[in-house]
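Heads up, the thing below is written out as structure tokens.
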Amino acid sequence: MYIFASLTGHELFILTAMSYDRYVAICNPDRYVAICNPLRYLMIMNSRVCSLLAISCWFMGFIQVLPAIVIFSGFSCYTSNEINHFFCDMIPLIKIICDDTSVLDIVFLFQGMFVIVLPPFLFTSISYIFIISTIMRIPSNTGKRKAFFTCSSHLTVVILLYTTLVSQYLTPTSLGTLNAKKIISLFNTAAVPLLNPLIYSLKNKDVKIAVRRMLGFYKIIG
């Protein structure tokens, strides 16, 4: 449970760092259509900064979940030794704890508001506000489409991940059935990771050509 929660937090922090990279990155290297600071990109996003961002994301990911894990380790009374879930997750574990778990609701709310959800979401949103405002100033429609297309993969993953995590963890335990949250958890742990390679690789021309060929093959077979 600790490893899963840590890696989930790490993914949120990595997506936040990626939004900053999108802010300073070149949208289209061929035409040098840029977002915000194109000429300073290599100076800003140098190897030292990238290393610090990566290390910080890993460190924050493994630290942020420790308070909840410590509280969980203090419980010893459970109504069952079976969890109604396909892995040991926090919400279904809370359901079988005999003691009062309201402190965990407070911890989850605090972490969501001040550590793992709201701060990364705000930083990502601020980055995209500047990105969109810059894109809208691009004179050509072709440049705007290419710039939006460059950011679309990251933005799609952000929306999918935040939607599932908020529905799964930041709603009170009294709201929603455990089976419904289990379905959301399945989507978060299985569907989103499966979609990520497809979402990020659709910008690749070779991948798009291969997808068109595959669809044409299935159309002929059908």
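Per the working numbering, residue 2 is the first one in the sequence shown, and the count goes up by one each step.
We put the beta carbon where it would ideally sit given N, CA and C, even for glycine.
These figures come from a predicted structure and were not determined experimentally.
Query: Unbroken alpha helix (DSSP H) run spanning Y24, endpoints; Result: Y3 to V25
Query: As assigned by DSSP and simplified to three states, the class of I64; Result: helix
Query: Cβ contact check for the stretch 5 to 16 and the stretch 55 to 69: 3 or more pairs under 8 angstroms; Result: yes
Query: Given 8 angstroms, three or more beta-carbon pairs between the stretch 127 to 143 and the stretch 91 to 110; Result: no
Query: Segment limits, alpha helix (DSSP H) that includes C152; Result: N142 to Y170
Query: Contacts around N29, its chain only, beta-carbon distance under 6 angstroms, and the 5 residues preceding and following it disregarded; Result: Confidence is the limiting factor: at N29 the pLDDT is only 42, short of 50, which leaves the residue's position unreliable, though a coordinate-based value still follows. The answer, listed in chain order, is K147.
Query: Continuous alpha helix (DSSP H) stretch holding V108: start and end; Result: S103 to Q112
Query: Other residues of its chain near M2: CB distance less than 6 angstroms, five sequence neighbours each side excluded; Result: C89
Query: Distance, V158 Cα to V167 Cα; Result: 14 angstroms
Query: Selected residue, minimal CA-CA separation from Q169, among M19, I200 and F188; Result: F188
Query: Assigned exposure category for T80 - 16 Cβ within 10 Å defines buried; Result: exposed
Query: L162 to L16 span [Cα, whole Å]; Result: 10 angstroms
Query: Cβ-based neighbour list, M19, same chain, cut-off 7 angstroms, excluding 5 preceding and 5 following; Result: H155
Query: The stretch 65 to 83 / the stretch 96 to 113 touching (three or more Cβ pairs under 8 angstroms); Result: yes
Query: C-alpha distance - A6 paired with R49, whole-angstrom precision; Result: 27 angstroms
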